[in-house]
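Chemist: Below are the structure tokens for one structure; questions will follow.
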Amino acid sequence: MDWSERIGRRIKLRDLHIMLAVVQCGSMTKAAQQLAVSKPVVSKVIADLEHVLGVRLIDRDRYGVEPTIYGTALLKRGAVAFDELRQGVKDIEFLSDPSAGELRIGSADVLLAGFLPAIITRLHRRHPQINFEVRQSTTVAALYRELRERNVDLVLARLLRPVAEEDLSAEILFDEPLVVVAGRRNRWRGQRKIELADLIREPWVLPPEGSGVATFIHDTFRACGLEFPRANIICDSAQMYAALLEDGPYLSMRPVTMMRFGVKHPAVKMLPVKLPALPRPVGIITLKRRMVSPVMQLFIDHARALAKLMTKRGP
389 MDWSERIGRR
399 IKLRDLHIML
409 AVVQCGSMTK
419 AAQQLAVSKP
429 VVSKVIADLE
439 HVLGVRLIDR
449 DRYGVEPTIY
459 GTALLKRGAV
469 AFDELRQGVK
479 DIEFLSDPSA
489 GELRIGSADV
499 LLAGFLPAII
509 TRLHRRHPQI
519 NFEVRQSTTV
529 AALYRELRER
539 NVDLVLARLL
549 RPVAEEDLSA
559 EILFDEPLVV
569 VAGRRNRWRG
579 QRKIELADLI
589 REPWVLPPEG
599 SGVATFIHDT
609 FRACGLEFPR
619 ANIICDSAQM
629 YAALLEDGPY
639 LSMRPVTMMR
649 FGVKHPAVKM
659 LPVKLPALPR
669 PVGIITLKRR
679 MVSPVMQLFI
689 DHARALAKLM
699 TKRGP
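Structure, rendered in structure tokens:
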């Protein structure tokens, strides 16, 4: 008996949906209530699945139910099937109305302050009915997890190292330089040429240790043969950075996209400090075996165009 006769015709999406509800609820009774069906219907679906596959999918005890290793494997693949079906419906909706759609994006806080909003704004001008859901994380690992669990469609992030995961595909958009910034009352404003070594003893506002930007700042000072400066203030809030720099004596080092595309603070300007050109790649990460939807492709195309424009203009 081939796969189609043995399994393909006997396992329905509805069956997988019911099993997923049982596992999520931890109880057949609760799953039946959630699905508005009787408990015997739920029990029969699980029993039929186990009979067709020849393995136990659910462990039952007086505390509830849990998936076995076989049940977990089935649900993992089932989640992919549901996700692809959902994407298929979205593709149909987009093809019938190219101005509509939905995109879920995972990104880091620094890119949320500049580059990502700029992409969304440009995309919205041409396709105003597209809806966006943005999930923020401070670590690339967490963003990759969201992508693998299909909670986001793609990730826009800094790549701290080459993406070696077999299930992920990464496209580098550009290398993002850092710039030194200061407020209007800072004594270095107006200088035409400044060396980073001249600023080492100035009061600095810097991000917390361990963050991606902090790592890049460390690398920049190290590349210039300098020790990392003592931070007078440590924070990871873009709003606080701007408030401190605007009228204070502080300096900071920020990614250029925050200055170019972020909220404009006229009093905060880039200083003419020549910094080493270190690789700081920003890219889009997707799942390799997941079809790129039309809305995803639109976002990627706009991101490429904006990155190309930014690279031409320079810092």
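In this text, residue positions in the sequence shown follow our numbering: the first is 389, and each later residue adds one.
Ideal placement from N, C-alpha and C gives every residue a C-beta, glycine not left out.
#1: From Leu632 to Leu587, what distance separates their C-alpha atoms?
#2: Report the three-state DSSP secondary structure of Leu408 (helix, strand or coil).
#3: Work out the CA separation of Gln627 and Gly600 for me, nearest whole Å.
#4: So does the stretch 655-672 actually touch the stretch 467-484, counting three or more Cβ pairs closer than 8 Å?
#5: Just tell me which of Arg538, Glu583 and Ser681 has its CA closest to the CA of Lys662.
#6: Taking DSSP's pairing of strands, which residues face Phe562 in a bridge?
#7: Roughly how far, in whole angstroms, is the beta-carbon of Glu534 from the beta-carbon of Val528, given that I think they are within contact range, below 8 Å?
#8: By Cβ distance below 6 Å, which residues in the same chain neighbour Pro617 in space, the five residues on each side in sequence not counted?
#9: Which first and last residues belong to the alpha helix (DSSP H) in which Val644 is found?
#10: In whole angstroms, what separates the C-alpha of Thr460 from that of Lys696?
#11: Can you name the start and end residues of the alpha helix (DSSP H) that Ala530 belongs to?
#12: Which parts of the stretch 416-448 are runs of the alpha helix (DSSP H), unbroken and 4 residues or longer, counting only runs that do not cross its ends?
#13: Can you tell me whether DSSP reads Val679 as helix, strand or coil?
#14: Roughly how many angstroms lie between the CA atoms of Asp447 and Ala530, to the nearest whole one?
#15: Determine the contact status of Ile493 and Leu544, defining contact as a CB-CB distance below 9 Å.
#16: Out of His690, Tyr532, Ala570 and Phe562, which has the shortest C-alpha to C-alpha gap to Lys676?
#17: Enumerate in chain order the residues of its own chain whose CB-to-CB distance from Tyr638 is below 6 Å, with the five nearest sequence positions on each side excluded.
#18: Hey, how far is the Cα of Ala570 from the Cα of Asp555?
#19: Would you mind working out which of Met416, Lys400, Phe520 and Asp635 sits nearest Ser495, comparing C-alpha positions?
#20: Which of the three DSSP states is assigned to Lys400 in this structure?
#21: Identify which residue in Asp624, Leu614 and Arg575 has its Cα closest to the Cα of Gly598.
Modeler: According to the structure shown:
#1: As a working mapping, residue 632 is identified with position 244 in the sequence shown. As a working mapping, residue 587 is identified with position 199 in the sequence shown. Their Cα atoms are separated by approximately 17 Å.
#2: Here residue 408 is taken as the residue at index 20 of the sequence shown, counted from 1. Of the three classes helix, strand and coil, the one that applies to Leu408 here is helix, per DSSP.
#3: The sequence position of residue 600 within the sequence shown is 212, counting from 1. The sequence position of residue 627 within the sequence shown is 239, counting from 1. Going from the Cα of Gly600 to the Cα of Gln627 covers about 18 Å.
#4: Too few Cβ pairs lie closer than 8 Å, so no.
#5: What you label residue 662 is simply residue 274 of the sequence shown in a count that begins at 1. Selected option, being the one with the closest Cα: Glu583.
#6: Position 174 of the sequence shown, counted from the first residue, corresponds to residue 562. DSSP links Phe562 through a beta bridge to Val670.
#7: Looking up residue 534 in the sequence shown gives position 146. Looking up residue 528 in the sequence shown gives position 140. Glu534 to Val528, Cβ: 11 Å. No contact.
#8: The residue labelled residue 617 in the question sits at position 229 within the sequence shown. Excluding sequence neighbours, Pro617 sits near Ile588 and Trp592.
#9: Here residue 644 refers to the residue found at position 256 of the sequence shown. Its alpha helix (DSSP H) spans residues Val644 to Phe649.
#10: If you number the sequence shown from 1, residue 460 lands on position 72. If you number the sequence shown from 1, residue 696 lands on position 308. Using only the alpha carbons, I get a separation of about 44 Å.
#11: Residue mapping note: residue 530 aligns to position 142 of the sequence shown, counting from 1. DSSP places Ala530 inside the alpha helix (DSSP H), whose first and last residues are Val528 to Arg536.
#12: Entirely contained in the stretch 416-448, the alpha helix (DSSP H) runs reaching 4 residues are, in chain order, 416-423 and 427-441.
#13: For the purposes of this step, residue 679 is taken as the residue at position 291 of the sequence shown. According to the sequence as given, residue 679 is Met; it is not Val. In the structure shown, Met679 sits in coil (DSSP, three-state: anything other than H, G, I, E or B).
#14: Locating residue 447 in the sequence shown gives position 59, where the first residue counts as 1. Locating residue 530 in the sequence shown gives position 142, where the first residue counts as 1. Between Asp447 and Ala530, the C-alpha separation is close to 30 Å.
#15: Stepping through the sequence shown from its first residue, residue 493 is reached at position 105. Stepping through the sequence shown from its first residue, residue 544 is reached at position 156. Yes.
#16: Start at 1 with the first residue of the sequence shown, and residue 676 comes out as number 288. Closest option to Lys676, Cα to Cα, is Tyr532.
#17: In the sequence shown, counting from the first residue as 1, residue 638 sits at position 250. Cβ neighbours of Tyr638 within its own chain (closer than 6 Å, five residues either side excluded): Pro591, Val593 and Leu632.
#18: Indexing the sequence shown from 1 puts residue 570 at position 182. Indexing the sequence shown from 1 puts residue 555 at position 167. Rounded to the nearest angstrom, the two C-alpha atoms are 42 Å apart.
#19: Position 107 of the sequence shown holds residue 495. Measuring C-alpha to C-alpha distances from Ser495 to each of Met416, Lys400, Phe520 and Asp635 identifies Phe520 as the nearest.
#20: The residue you call residue 400 lines up with position 12 of the sequence shown. Correct three-state label for Lys400: coil.
#21: Working through the sequence shown from its first residue, we reach residue 598 at position 210. Selected option, being the one with the closest Cα: Asp624.
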